[in-house]
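*Asks:* Provided herewith is a single structure, encoded as structure tokens, for subsequent inquiry.
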């Protein structure tokens, strides 16, 4: 099976495709980064939509999602954006936990594994 | 490869099957939730046994497990239940780290990737 | 698809191979453990090189990496070792977050999924 990488930097690739399985990096909000965890989630999910499209996949094919919140108190804000974004009947396996992230400005980080 | 989902909610599916690979959500203890991290672990592993059975898999086929403890001081309590549950000679790749979980009542969350 | 395990203990296997996909455990530094997060990273990446070699893989084929830092302040120390180790043009999807680890002596833990 081939390995294909997109948005390849010296530290990480944002998208790695192995056969029929697609891995994204942990995605954080783009600059200028809002202080609002819901706004960050919205930006992250838009990036994930784009990445999956580049891989020939989409959000109906997400297998597993890992969500890190810099403070678990953002849980409801996250879900206020996550729940309507998830395709009805095709929700991924998900885990959502608290971890501080690379920079204090980041409140949310999301990584997915998808089929294509 | 087909994608099959079971226990599908609006936020997450507890079980997602992609070809020969099975992904569970991060599983936490069921209500009424014990305060005891060992008891929570026991309940979680019973749920994982059931989910894997539904996927045509079982604990001898777990590839990777991620364990989050709300406090790393639960490490020995977790292992007191985990170690005897793991099939001799067929232990998964495992990582166990501390992260606060979605609700304060949850002390342990476990997610697995398995073959089937 | 077959499942093959190496460095199998009663709690975890350090390496699990499922068809063309390789899963490592969360790897921490070996004893005697340095206090320096950069030194721990160097030791961990050497172990990952060895594990991947045993699986018929190598660091050019890493699909996804999860990095846990016991304190996110180790971020730059981690990257000072990580960045030169990563093969140019073949960087993995990566997430790096803060979580306390199993023992206070551990500052860094890294887990990878690779193709082979």
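Residue numbers (our numbering), protein chains in the order written: chain A, 1164 to 1279; chain S, 1164 to 1279; chain V, 1164 to 1279. Idealized CB from N, CA, C, for every residue including glycine.
1. Identify the contact partners of residue 1214 of chain S in chain V, using a Cβ-Cβ distance below 9 Å as the criterion.
2. Exposed or buried, what is residue 1194 of chain V when buried is set at 16 or more other beta-carbons lying within 10 Å of its beta-carbon?
3. Can you name the residues that DSSP bridges to residue 1256 of chain V?
4. Against chain V, with Cβ distances strictly below 8 Å, would residue 1205 of chain S count as a contact?
5. For chain A, check one thing: does any of its Cβ atoms lie closer than 8 Å to the Cβ of residue 1274 of chain V?
6. Check the Cβ of residue 1167 of chain V against every Cβ in chain A and list those closer than 8 Å, keeping chain order.
7. Pairing CB atoms from the stretch 1235-1254 of chain A with CB atoms from the stretch 1239-1251 of chain V, are three or more of them under 8 Å?
8. Where does residue 1263 of chain A fall in DSSP's three states?
9. Contact between the stretch 1198-1218 of chain S and the stretch 1251-1259 of chain S is defined here as three or more beta-carbon pairs at a separation below 8 Å; is this criterion met?
10. Tell me the residue span of the beta strand (DSSP E) that contains residue 1175 of chain A.
11. Apart from the five residues on each side of it in sequence, which residues of its chain come closer than 7 Å, Cβ to Cβ, to residue 1237 of chain A?
12. Less than 7 Å between the CB of residue 1164 of chain V and some heavy atom of the ligand PLP, yes or no?
13. According to DSSP, which residues form a beta bridge with residue 1193 of chain A?
14. Which residues share a DSSP beta bridge with residue 1166 of chain S?
15. With 8 Å as the threshold, decide whether the Cβ of residue 1189 of chain S is near any Cβ in chain V.
16. Can you check whether the CB of residue 1186 of chain V is closer than 8 Å to the CB of residue 1273 of chain V?
17. Give the straight-line distance between the Cα atoms of residue 1184 of chain S and residue 1220 of chain S, rounded to the nearest whole angstrom.
18. Mind pulling the chain S residues with CB within less than 8 Å of residue 1252 of chain A?
19. Is residue 1206 of chain V buried or exposed, if buried means 16 or more other CB atoms sit within 10 Å of its CB?
20. Exposed or buried, residue 1168 of chain S, counting other C-beta atoms within 10 Å across all chains shown (16 or more means buried)?
21. At a Cβ cut of 8 Å, what residues of the stretch 1238-1250 of chain V count as close to chain A, listed as they run along the chain?
22. Whose CA, out of A:1181, A:1198, A:1170, lies closest to the CA of residue 1210 of chain A?
23. Using 10 angstroms around the beta-carbon of residue 1257 of chain A, count the other beta-carbons present and answer buried if the total reaches 16, otherwise exposed.
24. Rounded C-beta distance between residue 1166 of chain S and residue 1263 of chain A? I'm assuming under 8 Å.
25. Let me check understanding here. Comparing Cα to Cα, which of V:1231, V:1226, V:1178, V:1182 lies closest to residue 1204 of chain V?
26. Kindly indicate which three-state DSSP category residue 1216 of chain A falls into: helix, strand or coil?
27. Return the residue from the list S:1261, S:1226, S:1278 that minimises the CA-CA distance to residue 1179 of chain V.
28. Going straight from the alpha carbon of residue 1202 of chain S to that of residue 1190 of chain S, what length do you get?
29. So residue 1176 of chain S contacts chain A; which residues on that side make the cut at Cβ distance below 7 Å?
30. Short of 7 Å Cβ to Cβ, which residues in the stretch 1217-1235 of chain S face chain V?
31. Could you tell me whether the Cβ of residue 1277 of chain V comes closer than 8 Å to any Cβ of chain S?
32. Indicate whether at least one CB of chain V lies closer than 8 Å to the CB of residue 1196 of chain A.
33. Sort A:1198, A:1259, A:1218, A:1235 by Cα distance to residue 1228 of chain A and report the nearest one.
34. Find out if the Cβ-Cβ distance for the pair residue 1177 of chain V, residue 1192 of chain V is shorter than 8 Å.
35. The alpha helix (DSSP H) that contains residue 1240 of chain S, what's its start and end?
*Replies:* With the given structure in hand:
1. Chain V residues near residue 1214 of chain S: none, gap ~18 Å exceeds 9 Å.
2. Exposed: under 16 other Cβ atoms inside 10 Å.
3. According to DSSP, residue 1256 of chain V bridges with V:1227.
4. Interface flag for residue 1205 of chain S against chain V is unset, since no Cβ pair is found closer than 8 Å.
5. Answer no: the Cβ-Cβ gap between residue 1274 of chain V and chain A never drops below 8 Å.
6. Contact of residue 1167 of chain V with chain A by beta-carbon distance below 8 Å is absent, the smallest such distance being about 17 Å.
7. No: the two stretches stay apart, fewer than three of their Cβ pairs being nearer than 8 Å.
8. Of the three classes helix, strand and coil, the one that applies to residue 1263 of chain A here is coil, per DSSP.
9. Verdict: no, contact absent.
10. Neither: residue 1175 of chain A is in no beta strand (DSSP E) and is coded neither H nor E.
11. Answer for residue 1237 of chain A: 1200, 1270, 1271, listed in chain order.
12. Summarising the ligand content, the structure contains no ligands, and the ligand PLP is consequently not present.
13. Looking at the DSSP assignment, residue 1193 of chain A forms no beta bridge with any residue, so it has no partner.
14. BP columns for residue 1166 of chain S point to S:1181.
15. No, residue 1189 of chain S does not count as interfacial toward chain V.
16. Their beta carbons are not under 8 Å apart, which means residue 1273 of chain V does not touch residue 1186 of chain V by this criterion.
17. Distance between the alpha carbons of residue 1184 of chain S and residue 1220 of chain S is about 9 Å.
18. Within chain S, the C-beta atoms nearer than 8 Å to that of residue 1252 of chain A come from 1168, 1171, in chain order.
19. Its Cβ being crowded by 16 or more others within 10 Å, residue 1206 of chain V is buried.
20. It counts as buried.
21. Result list: 1238, 1242, 1245, 1246, 1249.
22. For the residues A:1181, A:1198, A:1170, the minimum Cα distance to residue 1210 of chain A belongs to A:1170.
23. With 16 or more other CB atoms across the displayed protein chains lying within 10 angstroms of its CB, residue 1257 of chain A is buried.
24. Residue 1166 of chain S to residue 1263 of chain A, Cβ: 33 Å. No contact.
25. The candidate whose alpha carbon is nearest that of residue 1204 of chain V is V:1231.
26. Helix, per DSSP.
27. Per the Cα distances, S:1226.
28. Residue 1202 of chain S and residue 1190 of chain S have their C-alpha atoms spaced approximately 14 Å apart.
29. In chain order: 1254, 1255, 1256.
30. Answer in chain order: 1224, 1226, 1227, 1235.
31. Answer no: the Cβ-Cβ gap between residue 1277 of chain V and chain S never drops below 8 Å.
32. False, the Cβ-Cβ gap to chain V never drops below 8 Å.
33. Nearest C-alpha to residue 1228 of chain A: A:1259.
34. Not closer than 8 Å, so no.
35. Run containing residue 1240 of chain S: 1238-1248, per the alpha helix (DSSP H) assignment.
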